[in-house]
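K.L.:
In UniProt numbering, the protein residues as written are 1 to 266.
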Ligand code: NAD
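Next comes the structure, spelled out in structure tokens:
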């Protein structure tokens with residue numbers, strides 16, 4: 001996959017950043033996308049350029065950054081054309097960006113529902129819609145959608161997230177079928193608990209509330225859903241994505257890969 005161009009949405013932190021780093025380590029040129037937390041004296045664009053410079057230095061590949069807000073279809077179109085203009089192609093597309101909001105369905109506001117569906121589902125339609133013609137012309141492409149166990153099963157208070165993730169699993173299957181003869185594969189990865197800053201903060205809250213150790217709180221949180229007591233690391237997700245982009249995975253398409261410690265085997 002050396003020399004391929006990969007666009008990874010939501011790659012300024014967490015799973016997306018690990019995927020971008022894993023693909024860069026395999027020699028892919030990378031288009032980064034996502035937001036940054038407000039930082040005194042630095043604009044988001046400056047933070048983006050700092051990450052670009054650091055990754056170029058570390059991996060010796062070309063890296064660019066798009067600040068496109070994925071809730072805006074026009075910004076997505078601009079990000080796709082920007083990827084082709086700046087990096088020359090779009091060979092690998094990883095739809096990773098996602099947000100969460102929890103509330104019982106009757107308390108979910110229309111704004112919260114619409115935003116989750118826009119970012120977690122519709123954005124992937126728009127990126128795929130614009131990337132597929134490029135992939136079809138070159139008769140090679142890899143699309144990897146980061147869904148969730150919530151693309152396979154439900155959980156309380158996550159109506160929009162679960163609906164969007166089930167939607168992305170369906171979208172993946174249709175894109176795979178439509179492009180089966182075009183050298184393009186489309187697959188969805190469905191992680192259970194992944195060790196990210198967000199989850200770490202959730203565990204720290206439990207520690208503070210219940211006075212248990214970090215290890216105990218993490219164990220209790222994970223095993224409430226997963227038989228296997230370890231969280232998946234962001235790097236492990238990166239490795240799955242990289243494998244799906246190899247020729248060895250060339251006949252894997254339309255698949256939903258549970259990386260969930262047995263969560264959905266129950
Ligand atoms: P994260 O919050 O660390 O990363 C989300 C990324 O998306 C960030 O780069 C953020 O800037 C970007 N983003 C958010 N809204 C955006 C917007 N409107 N436009 C552009 N970029 C935007 O989260 P994460 O835990 O790394 O999650 C990444 C993906 O993995 C999500 O789709 C999430 O649903 C999925 N997932 C996470 C877990 C987990 O346990 N962390 C489990 C299963 C699935």
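Heads up, the beta-carbon is just placed ideally off N, CA and C, and yes, glycines get one too. Nothing here was measured: the structure is a model prediction, and the numbers come from that model.
1) Would you kindly check if the distance between the Cβ of residue 258 and the Cβ of residue 190 is under 7 Å?
2) For the ligand NAD, is there a heavy atom less than 6 Å away from the beta-carbon of residue 44?
3) With a threshold of 8 Å, are at least 3 pairs of Cβ atoms found where one atom belongs to the region 90-106 and the other to the region 131-142?
4) Classify residue 142 as helix, strand or coil using the three-state DSSP reduction.
5) Based on Cα-Cα distance, which residue from 201, 256, 116 lies nearest to residue 102?
6) In the DSSP assignment, find the unbroken beta strand (DSSP E) run with residue 30 in it and report its ends.
7) At which residues does the alpha helix (DSSP H) containing residue 66 begin and terminate?
8) Is there at least one non-hydrogen atom of the ligand NAD closer than 6 Å to the beta-carbon of residue 16?
9) Less than 7 Å between C-beta atoms, sequence neighbours within five positions excluded: which residues of the same chain meet that for residue 69?
10) For a test of the three-state rule: what should DSSP assign to residue 71, helix, strand or coil?
11) List, from N- to C-terminal side, the alpha helix (DSSP H) runs of 4 residues or more that fit wholly inside the region 68-129.
12) Would you kindly check if the distance between the Cβ of residue 263 and the Cβ of residue 226 is under 7 Å?
13) Check whether the Cβ of residue 221 lies closer than 6 Å to any heavy atom of the ligand NAD, and answer yes or no.
14) Specify the secondary structure class of residue 153 as computed by DSSP and reduced to three states.
15) Is residue 98 near the ligand NAD, going by C-beta to nearest heavy atom under 6 Å?
16) Mind checking residue 214: buried by the 16 CB within 10 Å criterion, or exposed?
17) Across which residues does DSSP place residue 52 in a beta bridge pair?
18) Taking DSSP as the reference, what is the three-state secondary structure of residue 191?
19) Reducing DSSP to helix, strand and coil, say where residue 7 ends up.
P.N.:
Let me lay it out:
1) Within the chain shown, numbered from 1, the residue matching residue 190 stands at position 190. Within the chain shown, numbered from 1, the residue matching residue 258 stands at position 258. A contact, by the Cβ cut-off of 7 Å.
2) Here residue 44 refers to the residue found at position 44 of the chain shown. Of the heavy atoms belonging to the ligand NAD, none sits nearer than 6 Å to the Cβ of residue 44.
3) These segments touch.
4) Here residue 142 corresponds to residue number 142 of the chain shown, with the count starting at 1. It is a strand residue.
5) Within the chain shown, numbered from 1, the residue matching residue 102 stands at position 102. It is 116.
6) Residue 30 sits at position 30 when you count from the first residue of the chain shown. 29-33 is the span of the beta strand (DSSP E), which, as asked, contains residue 30.
7) In the chain shown, the residue the question calls residue 66 occupies position 66. Counting along the chain, residue 66 falls outside any alpha helix (DSSP H), though it belongs to the beta strand (DSSP E) covering 63-66.
8) Position 16 of the chain shown, counting from 1, holds the residue named residue 16. Correct: residue 16 has its Cβ closer than 6 Å to the ligand NAD.
9) Indexing the chain shown from 1 puts residue 69 at position 69. These residues qualify, in order along the chain: 75.
10) Stepping through the chain shown from its first residue, residue 71 is reached at position 71. Of the three classes helix, strand and coil, the one that applies to residue 71 here is coil, per DSSP.
11) Runs of the alpha helix (DSSP H) lying entirely within the region 68-129, each at least 4 residues long, are 73-87, 110-117 in chain order.
12) Stepping through the chain shown from its first residue, residue 226 is reached at position 226. Stepping through the chain shown from its first residue, residue 263 is reached at position 263. The beta carbons of residue 226 and residue 263 sit closer together than 7 Å.
13) In the chain shown, residue 221 corresponds to position 221, counting from 1. Every heavy atom of the ligand NAD is 6 Å or more from the Cβ of residue 221, so no.
14) Counted from its first residue, the chain shown places residue 153 at position 153. In this structure, residue 153 counts as coil in the three-state DSSP scheme.
15) The residue labelled residue 98 in the question sits at position 98 within the chain shown. Result yes, Cβ under 6 Å from the ligand NAD.
16) As a working mapping, residue 214 is identified with position 214 in the chain shown. With fewer than 16 other CB atoms across the displayed protein chains lying within 10 angstroms of its CB, residue 214 is exposed.
17) The residue you call residue 52 lines up with position 52 of the chain shown. DSSP output for residue 52 lists no bridge partner at all.
18) Within the chain shown, residue 191 is the residue found at index 191, counting from 1. Residue state, collapsed to three classes: strand.
19) Position 7 of the chain shown holds residue 7. In the structure shown, residue 7 sits in a strand (DSSP, three-state: E or B).
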